[in-house]
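Chains as they are written, first to last, in the working numbering: chain P, 1 to 143; chain S, 1 to 143.
For glycine and all other residues, C-beta sits at the position ideal for the given N, C-alpha and C.
Everything below concerns the one structure shown next.
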DNA sequence: CGCAAAATGTAGGGTAAGCTACATTTTGTT
DNA sequence: AACAAAATGTAGCTTACCCTACATTTTGCG
Ligand SMILES: [Mn+2]
Ligand SMILES: [Mn+2]
Ligand SMILES: [Mn+2]
Ligand SMILES: [Mn+2]
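In structure tokens:
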């Protein structure tokens with residue numbers, strides 16, 4: 001019996017790490033759609049150069065990642081014409097933005113300095129499950 | 001002046017994403033040293049097969065990552081003889097384990113179900129800065 | 001001991017994400 | 001309109017991390 005439990009724990013541990021790997025793999029897509037949506041809202045256009053600068057990567061890297069966004073049905077664009085989000089991309093951006101805000105607010109509520117909260121949230125947000133998000137919202141009194 | 005502020009915000013945003021990328025890059029090393037330290041403590045040896053199984057990856061992948069640990073001065077091993085941690089590796093393992101526990105405890109304190117807390121913490125832990133860790137500890141009343 | 005099973009290691013391949021360098025197109029300013 | 005600057009796109013390279021398949025070594029047992 002302890003053997004079964006030990007095996008379960010081992011499998012659960014493996015599953016935990018697998019979850020973390022999956023979250024890590026989608027983190028980049030999430031940050032891109034959130035940023036593109038921000039740019040579209042605030043300036044009406046999302047240009048590769050601006051995206052690259054805001055993410056701190058080269059424009060070549062941004063263009064390649066945008067190609068992946070398109071492949072995954074989250075964005076579309078014509079050469080030299082800026083990037084736009086599909087309905088799926090826009091929906092994802094909204095989810096991601098909400099999560100980002102809740103994470104920042106929880107960190108600040110726990111006494112983390114605002115600038116630090118922003119920095120840490122940028123990574124943490126991608127690992128917050130729906131259940132944890134719900135708990136966070138409840139904790140913040142927005143249930 | 002608003003121009004300067006806008007530029008600063010842009011640079012800060014880029015720095016934020018750069019931080020997240022750095023954390024992502026060291027996440028794997030952290031999980032490995034923590035696990036290796038656990039195995040050494042509990043069973044006296046850390047074999048590639050066990051590491052692989054507990055992480056949910058193939059043993060070939062584990063062996064290659066162990067090679068990286070060695071390259072980075074965190075571990076050492078002789079062929080067919082199991083893996084050991086250097087002083088640096090051991091120190092990192094202790095830091096990482098402490099962080100892991102604090103994150104889990106904070107999540108649980110916020111009402112996240114224990115199993116979910118374990119899953120999410122596996123990813124979140126790598127993005128918790130020292131300042132945030134300190135805030136978490138204070139919040140838990142272990143200041 | 002000797003052999004089979006388990007563990008370990010190696011080879012080779014795929015995708016993702018980053019970079020620099022260079023080519024092309026568009027934009028903006030005389 | 002012409003030219004320079006900016007933006008965009010392409011090519012080619014690197015590193016990380018995952019895999020399967022196969023080779024080798026060690027371990028455990030009859
Ligand atoms: Mn992020
Ligand atoms: Mn974000
Ligand atoms: Mn982890
Ligand atoms: Mn951990």
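Helix, strand or coil for residue i, going by three-state DSSP, please let me know.
i	result
residue 58 of chain P	coil
residue 75 of chain P	strand
residue 80 of chain S	coil
residue 149 of chain P	For chain P, the structure presents residues 1 to 143; residue 149 of chain P sits outside this window and is missing.
residue 110 of chain S	coil
residue 141 of chain P	coil
residue 41 of chain S	helix
residue 128 of chain S	coil
residue 6 of chain S	Residue placement at residue 6 of chain S cannot be trusted, given a pLDDT of 40 that sits under 50; what the coordinates show is reported in the next sentence. DSSP places residue 6 of chain S in helix when its eight states are reduced to three.
residue 1 of chain P	Here the model assigns residue 1 of chain P a pLDDT of 39, short of 50, so the residue's position is not dependable, and the following value carries that caveat. Three-state result, residue 1 of chain P: coil.
residue 12 of chain S	helix
Per DSSP, residue i forms a beta bridge with which residues?
i	result
residue 85 of chain S	S/75
To the nearest whole angstrom, what separates the beta carbons of residue i and residue j, a pair I think is in contact under 8 Å?
i	j	result
residue 25 of chain P	residue 55 of chain S	About 15 Å; that fails the 8 Å criterion.
residue 129 of chain P	residue 120 of chain S	5 Å
residue 99 of chain S	residue 125 of chain S	5 Å
residue 31 of chain S	residue 17 of chain P	7 Å
residue 36 of chain P	residue 48 of chain P	Incorrect: roughly 10 Å between the Cβ atoms, too far for contact.
residue 103 of chain S	residue 132 of chain P	Not quite, the Cβ-Cβ distance comes to about 11 Å (not below 8 Å), so this is no contact.
residue 93 of chain S	residue 34 of chain S	5 Å
residue 43 of chain S	residue 52 of chain S	Not quite, the Cβ-Cβ distance comes to about 15 Å (not below 8 Å), so this is no contact.
Task: Residues within the segment 44-76 of chain S neighbouring chain P, beta-carbon criterion of under 7 Å - done: When CB distances to chain P are screened at a threshold of 7 Å, the residues of the segment 44-76 of chain S falling below it are 53, 54, 55, 56, in chain order.
TODO: Could you please tell me which residues of the segment 123-138 of chain S, in chain order, have their CB closer than 8 Å to any CB of chain P?
DONE: Listed in sequence order: 123, 124, 126, 127, 128, 129, 131, 132, 135, 136, 138.
Open item on the list: Taking beta-carbon pairs under 9 Å, can you tell me which members of the segment 86-101 of chain P lie near chain S?
Closed with: Of all residues in the segment 86-101 of chain P, none comes within less than 9 Å of chain S when Cβ atoms are compared.
- [ ] Can you give me, in chain order, the residues of the segment 107-119 of chain P that have a beta carbon less than 7 Å from any beta carbon in chain S?
- [x] Only 107, 110, 111, 112, 113, 116, 118, 119 from the segment 107-119 of chain P bring a Cβ to less than 7 Å from some Cβ of chain S.
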